[in-house]
Every structure is written in structure tokens, then in C-alpha cells.
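Here is the structure we will look at.
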Amino acid sequence: MVGGPRVAIRRFHQSAPPLKQQNRLPAAYYRGGTSRAVFFRQEDLPADQTRWDNIFRGVIGSPDPNGRQLDGMGGGLSSLSKVCVVGTSSRDDADVDYTFVAIGVKNPEVDFSSNCGNMTSAVGPFAVDSGLFRAADGNATVRIHNTNTGKIIHAKFPVDVSEAEADGDLAIDGVAGTGAKIQLAFLNPSGSKTGKLLPTGNVTDKFDGITATCIDVGNPCVFVQASDLGVSGSILSHDIEAHPTLLGRLDSVRRKAAVAMGISTTEDAAPGSIPKIAMVSATHSHKILSGQSLDEDAYKNAGLQPAPKILGLPANLLSPDVPALMLNAVKRDFGGKLDILVNNAAYDEFRPIGELDPDYVQRSLFGNIQTLVMSVDVLFREGVFQPNSRIVNISAELTRSPLPHNSFGLFAATKAAMESLTRTWADIFGKHPSMAGTTVNSLLVGATETDAFCKGLSPEMTKAVVDRIVGNTSLARLGKPEDAADLVGLLVSERAGWITGSVVAANGGTVKIL
């Protein structure tokens with residue numbers, strides 16, 4: 132039980148008012164990852180959610196100008212100043228609804244704008260322990276609907292005698308001792324608040340002269356290089372707080388990014404919780420918070436491999452310089468070796484028949500065919516493809532189905548050309564002595580909810596297109612980027628080494644390929 136803090140009152144005379152009885156609310160206190168929070172069942176809180184803010188402030192002990200929260204359950208740090216509310220789910224695909232609330236330490240802010248990954252790990256165990264979810268002994272999976280982001284998370288953890296196990300042998304950095312293992316699977320996590328993986332539409336942006344990547348996966352985040360801020364990527368928390376300018380610069384970048392990502396209309400209105408901001412750097416020897424020294428070579432000795440390198444190249448599909456740009460990047464950043472190439476181009480202005488002109492046709496053919504063909508040709512000529520490489524050409528269901536509107540005709544023709552080249556390249560690459568085992572396939576993608584989907588069409592035309600597509604789809608929905616990405620992942624894997632020269636469909640049944 133969590134009640135309000137007791138305060139001793141000395142009565143100076145008999146007419147002093149009596150001590151008011153404190154409110155009592157059932158609650159629990161859980162650690163999740165490197166955070167702690169007070170948990171409430173939603174049914175135990177007032178139905179009027181406007182009353183929650185004051186309850187949460189009182190329970191946590193905020194605001195506290197001393198920054199210690201001694202008058203509540205908080206711990207004087209943002210990671211310990213949190214509340215979680217869990218209740219029966221409002222969705223068929225979830226077992227419980229979960230709302231995360233960040234409470235200001237020195238300020239009265241009560242922030243519902245984001246989720247907390249650390250505390251999400253405690254939601255499943257709380258649901259079992261509080262009776263919201265009945266689980267048999269063994270491994271339980273609780274489907275969680277996070278109301279802050281609208282996303283679904285699956286939590287898997289051990290249960291014993293109808294309670295979530297707390298003891299275990301799993302250790303995590305930042306927490307002393309060991310505990311039970313809890314696995315989280317975030318389903319379709321992109322676009323948690325902005326609806327987009329890259330909310331600004333760019334791989335990188337600049338704020339205050341600092342290059343940043345704005346990405347929305349799980350929570351909106353901003354990534355910057357520590358070196359651009361003049362510090363090491365292994366700088367510890369107390370050194371960050373003691374730095375004369377670092378926190379101010381990070382906050383300025385974060386607030387500008389919030390506006391660019393569409394999270395707030397002004398920098399001053401940016402929420403305290405999002406976007407998160409993180410500094411990254413290359414691996415190097417350093418000390419961690421516990422004082423332990425980590426040697427750069429230790430990563431290799433432990434069998435860990437560097438993360439795949441991802442390089443964003445600003446390029447124009449209509450520029451003849453793209454093939455040379457790609458080749459130079461492969462030589463400079465990948466050592467002149469390439470194992471996987473996924474070709475996808477989608478240039479069109481969606482002009483209907485009767486409104487075409489030679490320049491428009493040339494642009495469509497150049498952007499969707501010539502740029503890709505010449506890029507592959509240059510990379511082939513320079514011998515950058517390795518044995519057992521994987522090439523995937525992204526096609527479209529429009530090559531095999533009635534067009535929802537005649538303005539899609541030229542675009543469909545360019546995708547059909549890539550399917551034809553798939554069969555030709557499969558034979559050439561697979562038999563080449565230095566590229567033996569290389570496969571080339573085409574992925575037939577259905578209508579997918581992306582920023583480019585129906586771009587340039589009127590709202591009326593877009594609705595007509597969507598209604599027709601969904602009506603002709605076996606699964607009665609538009610595709611998501613993850614649907615295609617999962618199949619691309621399969622086609623570029625070792626398991627797909629016997630699939631080549633094929634067209635694989637990822638369209639929810641709009642087009643059946645036998």
C-alpha cells in the first residue's frame with residue numbers, strides 16, 4: 132500500500148484542526164531494467180484522469196526543490212521518478228493496457244508523452260502478480276498495449292506458483308546482482324509518436340551545426356556523435372552533469388529536433404521526455420560507471436562482432452552521377468566489397484494517359500530503370516560483388532494486377548522491366564567465377580503505407596485507390612514496410628541460397644503467383 136507521507140504536527144492549543152486521514156491506494160513498487168516506478172491498477176485510480184497528476188506528484192514526492200524527493204517514493208533521479216498504470220486491455224490484440232508517466236523531480240511536470248523501455252519489462256510481471264493476467268507455471272507471454280505510443284509489446288518471463296519469478300541468473304549493466312530474465316518484443320515499433328521511421332524525411336539533419344539522425348522507433352530519438360560535441364562517447368553521467376556547456380547544447384539540439392520531427396510547434400513546447408537524445412561513438416577502451424575497465428579488444432575476444440555498417444548517401448535518382456557515387460562509397464566505406472544489394476526506386480508523377488510528354492516519360496524510365504541498371508553494371512564491372520552475394524530488386528503488384536488508376540501505367544511498366552532483368556542477372560551472376568552462388572530475386576510488393584504512397588494524388592483519388600486495393604486484398608489491409616522488410620531479410624539470408632531468378636510476392640494476397 133502506498134499512502135501520502137506522514138507529517139508530524141504539534142498542537143499548540145485545543146482548537147487546532149485534527150489531523151486529516153490520509154488517502155490510501157493499492158500500489159506496488161517495481162524495478163524494471165535500470166529504472167524504478169510505482170505501479171497502480173487503473174481500476175484503483177479515479178475514473179477522472181484529471182485527478183491523477185496530483186496523486187502521482189504526492190506519491191513520488193514532487194516537485195522537490197532539493198531534488199531528493201524524500202517526501203515520496205522517488206529517488207531524486209529521472210530514472211526513479213516514474214509511475215505506471217496497468218489495466219484490462221481496450222484492444223483484442225493485447226492482454227493489458229499500460230500507461231507510462233514521467234514525473235518531474237524539481238518541477239511539477241507530469242509527462243504522458245512517451246513510453247519507458249525499462250519499466251515496460253516490469254509490466255508483464257505486475258500484470259501476473261496483481262491478478263490482471265492469469266498465467267500457468269512456466270514461461271508466460273503477456274501482450275501489452277502501450278497507450279502512450281499505441282504500440283504492442285510482448286513480454287516473456289518465467290512464472291512459478293502463479294507469480295512472476297524474481298530470482299534468476301541474468302545480470303545487466305548498471306544493476307547489482309542478478310534476476311529473472313524478461314524478454315520484450317516490440318511489434319512494428321516505428322512511428323511511435325510521429326507515424327514515421329524518419330520523421331524529418333532525412334537520414335541526417337543539422338541543428339546548431341551538429342549533425343543528427345532523428346528516428347522514431349519505440350520512442351522518438353535523436354542521435355549525435357559525441358565527437359561533434361567535443362566529448363568522448365564514454366563520458367560518465369556525473370561528468371556530463373559537471374560539464375559547463377554539454378547539457379545546454381544537448382537540450383538545444385533536442386528541442387530543435389522536436390520541432391523538426393513534428394513533436395512540438397516551438398522549442399519551448401518540446402516535452403521533457405521526447406525526443407530522447409543519445410551520443411554515440413566508435414568502440415574504444417574506457418571505464419564504465421562501476422569503475423570496471425573495458426578494453427576495445429575485449430569485444431573481439433568475447434566473440435562480439437561490429438554492428439553492420441549503414442551508410443546514407445544523399446543522391447538524386449535522375450542524376451547520372453549516382454552509379455559512380457555508389458561505387459566510391461563502397462570502396463571508401465566497405466573496403467570495395469559488397470554482399471547485399473537491394474534495388475528500389477520509385478519515381479513517378481502519376482500522369483494519366485493523354486497527359487504524357489517525352490520529358491516526363493524519360494524521367495520515369497531514367498529514375499526507375501536506367502539509374503538502377505547502370506549502378507549494378509558499374510558495381511559488376513568493378514568486381515565488388517562477393518561469392519554468394521544477394522541482390523533483390525523491388526517490384527510492385529501493379530505489374531500483375533489491374534491498375535487502380537491509369538496514372539500508374541508507366542510506373543508499373545518500369546517495375547516489370549526490373550522483373551525481366553532479375554531473370555537475366557540471376558543467370559549471369561550465378562555462373563560468374565568470382566561471384567559464384569550469387570542470387571538475384573525480385574520482391575513483388577503490394578500497396579504499402581509509406582510517405583511516398585499516393586504522393587501527388589488528390590485526397591479523393593487517394594481514397595478511391597486505397598478502397599480498391601484493400602477490397603482486392605485477401606488480408607483486407609494495406610501493407611506495412613515491415614511486411615516487405617521481413618521477406619527481404621529472408622531473401623538475403625543464407626537460407627535462401629537456392630532461390631534465384633524468382634519473383635516472390637509480399638502483397639497480402641492481392642496477386643497470387645503460382
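Under the numbering used here, residues 132 to 645 are what the sequence shown spells out, in order. For each residue, glycine too, the CB sits at the ideal point set by N, CA and C. Remember, it's a predicted structure, so these values are computed and weren't measured experimentally.
Q: Count the C-beta pairs between the segment 274-293 and the segment 247-256 that are closer than 8 Å, then say yes if the count reaches three, no if not.
A: yes
Q. Which word fits I191, buried or exposed, when buried means at least 16 other C-beta atoms lie within 10 angstroms of its C-beta?
A. buried
(Q) Bridge partners for M410 per DSSP, in chain order? (A) V355
Q. Quick one, which of P196, L377, K407 and G561 has its alpha-carbon nearest A388's?
A. Of the candidates P196, L377, K407 and G561, the one whose C-alpha sits nearest the C-alpha of A388 is K407.
**Q.** Status (buried if at least 16 other CB within 10 Å, exposed otherwise) for G198
**A.** G198 should be labelled exposed.
Q: Measure the CB-CB distance between Q356 and G349 and report whether it falls below 9 Å.
A: no
(Q) Assuming L301 and K312 are in contact, meaning their beta carbons sit under 8 Å apart, how far apart are those beta carbons, in whole angstroms? (A) 4 Å
Q) Taking the alpha carbon of Y229 as the point to measure from, which residue in G205, S209, L263 and G203 has its own alpha carbon closest? A) L263
Q: Can you have a look at W650 and say buried or exposed, based on whether 16 or more other CB atoms are within 10 angstroms of its CB?
A: Absent from the model: residue 650. The displayed extent of the chain is 132 to 645, so no value can be given.
Q: Give the C-beta separation of A233 and S404 to the nearest angstrom, bearing in mind that I take them to be a contact with Cβ-Cβ under 8 Å.
A: 5 Å
Q | Distance, A401 Cα to A391 Cα | A | 11 Å
Q: Please confirm whether E528 and G602 have their CB atoms less than 9 Å apart.
A: no
Q.
Contact between the segment 556-570 and the segment 518-527 is defined here as three or more beta-carbon pairs at a separation below 8 Å; is this criterion met?
A. yes
Q. If you run the structure through DSSP and keep just helix, strand and coil, what is M132?
A. In this prediction, M132 scores a pLDDT of 34, lower than 50, which makes its location untrustworthy; no coordinate-derived value is stated.
Q. In terms of alpha-carbon separation, which member of F171, M592 and V353 lies closest to F481?
A. The candidate whose alpha carbon is nearest that of F481 is M592.
Q. If G467 sits next to V461, beta carbons under 8 Å apart, how far is it from one beta carbon to the other, in whole angstroms?
A. The C-beta separation of G467 from V461 comes to about 6 Å, placing the pair in contact by the 8 Å criterion.
Q: Can you have a look at T641 and say buried or exposed, based on whether 16 or more other CB atoms are within 10 angstroms of its CB?
A: T641 should be labelled buried.
(Q) Give me, in chain order, the residues of the same chain whose beta-carbon lies closer than 6 Å to that of G164; leave out the 5 immediate sequence neighbours on both sides. (A) N249 and S252
Q: For the alpha helix (DSSP H) holding N279, just list the boundary residues, first then last.
A: Here N279 belongs to no alpha helix (DSSP H), and DSSP marks it neither H nor E.
Q | Selected residue, minimal CA-CA separation from G628, among A595, T570 and L618 | A | T570
Q. From H144 to D370, what does the alpha carbon distance come to, in whole angstroms?
A. For H144, the pLDDT reaches just 35, beneath the cut-off of 50, and the residue's location in the model is therefore unreliable, leaving the point undetermined.
Q | Extent of the continuous alpha helix (DSSP H) to which F511 belongs | A | T502 to R512
Q: Sort out for me which residues DSSP pairs Q180 with in a bridge.
A: Bridge partners of Q180: none, in fact.
Q.
I'd like to check one pair, L448 with Y478: are the Cβ atoms closer than 9 Å?
A. At a Cβ-Cβ threshold of 9 Å, Y478 and L448 count as neighbours.
Q.
Going by beta-carbon coordinates alone, are P194 and P256 separated by less than 9 Å?
A. In this structure, P256 does not lie closer than 9 Å to P194 by Cβ.
(Q) Can you tell me whether K213 is helix, strand or coil according to DSSP? (A) strand
Q.
The alpha helix (DSSP H) that contains S495, what's its start and end?
A. Element bounds for S495: P489 to L496.
**Q.** Collapsed DSSP secondary structure at F143 in the structure displayed
**A.** Here the model assigns F143 a pLDDT of 32, short of 50, so the residue's position is not dependable, and the following value carries that caveat. Looking at F143 - three-state DSSP - the assignment turns out to be coil, as it is neither helix nor strand.
Q.
So the candidates are N277, A343 and D304; which of them puts its Cα closest to the Cα of K324?
A. Closest by alpha carbon: N277.
Q: Might you give, ordered along the chain, the residues of its own chain that have their beta carbon closer than 6 Å to the beta carbon of K546, omitting 5 neighbours on each side?
A: S526, A527 and T530
Q: State the Cα-Cα distance for the pair S358 and P177, rounded to the nearest angstrom.
A: 48 Å
Q: Note down, in chain order, each residue of its chain lying with its Cβ closer than 7 Å to the Cβ of F317, except the 5 sequence neighbours on either side.
A: K282, I284 and G349
Q.
Among F231, G235, H374 and D223, whose alpha-carbon lies nearest the alpha-carbon of G206?
A. G235
(Q) Check this for me: beta carbons of T502 and P454, under 9 Å apart or not? (A) yes
(Q) Can you tell me whether F465 is buried or exposed? The criterion is at least 16 other CB atoms within 10 Å of its CB, across all chains shown. (A) Within a 10 Å sphere around the beta-carbon of F465 sit fewer than 16 other beta-carbons, which makes this residue exposed.
Q) Taking the DSSP output, what are the residues bridged to F321? A) The question names Phe, but residue 321 is Ser in the sequence shown. Note: S321 sits in a beta bridge opposite V348.
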